[in-house]
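Notes follow once the structure below has been shown.
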Ligand SMILES: [Zn+2]
């Protein structure tokens, strides 16, 4: 990955919650497993870094999303 887009810092990194597998941790005994995907990265295996999150914010702003819509797309 060297020499490609070197202007940009890393925008995403392996999800630390699932170790980059995208899988939810096994449910503990007596606990309902609501999803097979990691809750943090939604199974994408990677999570945005701080720089990536800034880029997401930038894109959302440039797309003219209202704060309410941006909030919903992030937490909905
Ligand atoms: Zn994850």
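Numbering (my numbering), first residue to last: 25 to 100.
Where is the CB? At the ideal position from N, CA and C, for every residue including glycine.
Every value quoted in this text rests on a predicted model; they were computed, and no experiment measured them.
Distance cut-off 7 Å: residue i Cβ against heavy atoms of ligand 1
| i | result |
| --- | --- |
| residue 41 | yes |
| residue 46 | yes |
| residue 58 | no |
| residue 73 | no |
Cβ pair residue i, residue j closer than 8 Å
| i | j | result |
| --- | --- | --- |
| residue 75 | residue 64 | no |
| residue 69 | residue 49 | no |
Closest by C-alpha distance to residue i, when choosing among the options
| i | options | result |
| --- | --- | --- |
| residue 81 | 35, 30, 42 | 35 |
| residue 40 | 62, 78, 79, 77 | 62 |
Integer-rounded CB distance, given that residue j should sit under 8 Å from residue i
| i | j | result |
| --- | --- | --- |
| residue 43 | residue 67 | The Cβ separation is near 13 Å, so there is no contact. |
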